[in-house]
Amino acid sequence: MDCSLSLDMADWTDLPMDILFVIAESLTVIEDFTSFSAVCKEWQSATAILKKKPSLPTRYPRLMLSEKVDTKDQGNQDDRYFLNLLTSKTCKLKLPEASGRRCLGAHYGWLFTVGFDLQINLLHPFSRQQICLPPFLTFPAQRYEYDETYPPQEDIVFVKKIAISSNPQNKNNLHDYNHECVILAIYGEFCVLAFARLGDTLWTNILVPSRCYDDVLYYKGRFYAVDCHGVVVVCDINDNNDPKATVVAPAPSETHDEIQKYLVESSGDLLLVSRIRGGYNI
1 MDCSLSLDMA DWTDLPMDIL FVIAESLTVI EDFTSFSAVC KEWQSATAIL
51 KKKPSLPTRY PRLMLSEKVD TKDQGNQDDR YFLNLLTSKT CKLKLPEASG
101 RRCLGAHYGW LFTVGFDLQI NLLHPFSRQQ ICLPPFLTFP AQRYEYDETY
151 PPQEDIVFVK KIAISSNPQN KNNLHDYNHE CVILAIYGEF CVLAFARLGD
201 TLWTNILVPS RCYDDVLYYK GRFYAVDCHG VVVVCDINDN NDPKATVVAP
251 APSETHDEIQ KYLVESSGDL LLVSRIRGGY NI
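Numbering (the UniProt record's numbering), first residue to last: 1 to 282.
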C-alpha cells in the first residue's frame, strides 16, 4: 500500500467566482486591481462585475494628472495617469471618456469633467460609467440680494468648485443613478452658487447674501459655503422656488480677502481654513 502523500496544485483559473470576489474586494490599490483583472478571462469576469460598483478600490486616493498632449503618438490620447499619493508612483488607465476634458474635481470616486461642448459629466474612472449633468449654458443669471441681477456671459461662465451630497450611484440598481443626489457649484464671474439634482436639465440659482465664494462643502446633511471675506453660509435648497443661503458664521477678525478660504471636515467638526500666501501678519 502506497502511503505517500500526493498534493495536486489546483488550477487558479478554476477558482470559484465567490472566492475571486472576496480577493478582488480586498484590493486597495489601482495597480493590484488592474493586474488582477489581467490574469485570465475568469478573473477579468470577476473584476468586470465588481467594476460596476464604483466604490472599488477606495482606501487610498489617487490624483489624476493633467492630460498629456503628444502630437507624435495620437493613440495615447485616451490614456490618463493617476498618481498614488501613498507610494508616489503613477499608473496608466485607458480612459477615452476623459480625453480633451477638464476635471473640475472628484467626489465618491467620481470625476467631474467638462469638454469643449460645455457638457458637464460625472465619470467613474474604473467602470467608465458617465452621468450627464446640466451643461454650462444652463447656468442662470446671477442673483444677489437687493434684487440685483446679472445676465450670464458665455465667455466668463465657468465652474470654480463643485460639491456633492451623496454617492451618485444607486445602491439598489447599478444601472441607475441616485435621484436624491444633489450637486452644488460655485460658478460665474462673481463666484455665486447654483445647484442641480441628478436628472435635472438646468442649474437652479441660489439667492446669496454676498458673492465671491471660495469653497463649498456638504456637511451633516446640508451644504455650507464660505466667501472671500470668511463669512460662512448654509444653503436651503428644499424649496426649489426660493432656494437661498443664510449666514451662520461672520467673518473672523484679522483676515484678508486675498487669503484663500476652505471648508473642511475634521473629526466630525466643520472648520474654516485660511491659506496664507505670504505678506500678511495674522
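Ideal placement from N, C-alpha and C gives every residue a C-beta, glycine not left out.
### Message
Output needed for Tyr219: all residues of its chain with C-beta closer than 7 Å, excluding positions within five of it in sequence on either side, in chain order.
### Response
Within the same chain, Tyr219 has close Cβ partners Glu265, Leu270.
### Task
Report all residues from its chain with a CB closer than 6 Å to the CB of Leu202; omit the five preceding and five following residues, and keep chain order.
Within the same chain, Cβ atoms closer than 6 Å to the Cβ of Leu202 are found at Pro134, Thr138, the five residues on either side in sequence being excluded.
### Message
Between the segment 82 to 93 and the segment 102 to 114, can you find at least three pairs of beta-carbon atoms closer than 8 Å?
### Response
The segment 102 to 114 and the segment 82 to 93 do not touch, with fewer than 3 CB-CB distances between them shorter than 8 Å.
### The alpha helix (DSSP H) enclosing residue 284, as first and last residue numbers
Missing from the structure shown is residue 284; the chain here goes from 1 to 282 and no further.
### Message
Between which two residues does the beta strand (DSSP E) holding Gly105 run?
### Response
Element bounds for Gly105: 102 to 107.
### Query
Do you know how far the Cα of Phe82 is from the Cα of Val233?
Computed Cα separation, rounded: 34 Å.
### Task
Kindly indicate if chain B contains any beta-carbon less than 9 Å away from that of Trp203.
Protein chains in the displayed structure number just one, and chain B is not present.
### Query
Which residues mark the beginning and the end of the beta strand (DSSP E) in which residue 317 is found?
In the structure as shown, the chain starts at 1 and stops at 282, and residue 317 therefore has no counterpart that could be examined.
### Query
Taking C-alpha atoms, which residue in Tyr213, Leu122, Phe116, Asn178 lies nearest to Val192?
With distances taken between Cα atoms, Val192 lies closest to Tyr213.
### Task
In angstroms with no decimal places, state the Cα-to-Cα distance between Leu272 and Gly230.
Approximately 8 Å, taken between the alpha carbons.
### Message
In this structure, how does DSSP classify Lys220 when only helix, strand and coil are distinguished?
### Response
DSSP places Lys220 outside both helix and strand once states are collapsed to three, so it counts as coil.
### Query
What do you get for Tyr146, buried or exposed, if any count of 16 or more other CB atoms within 10 angstroms of its CB means buried?
The pLDDT assigned to Tyr146 is 41, lower than 50, so where the model puts this residue is not dependable; a value taken from the coordinates is nonetheless given after this. Residue environment: Tyr146 is assigned as exposed (fewer than 16 neighbouring CB atoms within 10 Å of its CB, all protein chains considered).
### Inter-residue spacing [alpha-carbon to alpha-carbon] between Leu263 and Leu217
One C-alpha to the other measures close to 6 Å.
#### Entry: C-alpha gap between Val226 and Pro96, whole angstroms
Going from the Cα of Val226 to the Cα of Pro96 covers about 35 Å.
### Query
Less than 9 Å separating the beta-carbons of Phe136 and Phe158?
By the CB criterion at 9 Å, Phe136 and Phe158 fall inside the cutoff.
### Query
Alpha carbon to alpha carbon, what distance is there between Glu180 and Leu63?
One C-alpha to the other measures close to 27 Å.
### Message
Can you tell me whether Val182 is buried or exposed? The criterion is at least 16 other CB atoms within 10 Å of its CB, across all chains shown.
### Response
Buried, since its Cβ has 16 or more Cβ neighbours within 10 Å.
### Query
Using the rule of at least 16 other Cβ atoms within 10 Å of the residue's Cβ for burial, across every protein chain shown, is Lys261 buried or exposed?
With 16 or more other Cβ atoms within 10 Å, it is buried.
### Message
What does the Cβ neighbour count give for Asp215, buried or exposed, with the cut at 16 atoms within 10 Å?
### Response
Result: buried.
#### Entry: Under 9 Å between C-beta atoms of Ala46 and Leu20
Going by beta carbons, Ala46 and Leu20 fall inside the 9 Å limit.
### Task
Could you give the DSSP three-state label for Pro57: helix, strand or coil?
Confidence at Pro57 is low in this model, with a pLDDT of 47, below 50, so its placement is unreliable and the value that follows should be read with caution. In this structure, Pro57 counts as coil in the three-state DSSP scheme.
### Residues of its chain near residue 284, where Cβ-Cβ distance is below 7 Å and the 5 sequence neighbours each way are ignored
Here the chain comprises residues numbered 1 to 282, so residue 284 is not present and cannot be evaluated.
### Query
With DSSP run on the structure shown, which of helix, strand or coil describes Asp269?
In the three-state DSSP reduction, Asp269 falls in the strand class (E or B).
### Message
Using 8 Å for Cβ pairs, my map puts Gln130 next to Leu122. What's the rounded Cβ distance?
### Response
Rounded, the Cβ-Cβ distance is 7 Å, consistent with contact.
### Query
Going by C-alpha distance, which of Ile237, Lys68, Ser274 is nearest Ala251?
When only C-alpha atoms are compared, the closest one is Ser274.
#### Entry: For Gln130, the first and last residue of its enclosing beta strand (DSSP E)
Looking at the DSSP string, the run of the beta strand (DSSP E) that includes Gln130 is 130 to 132.
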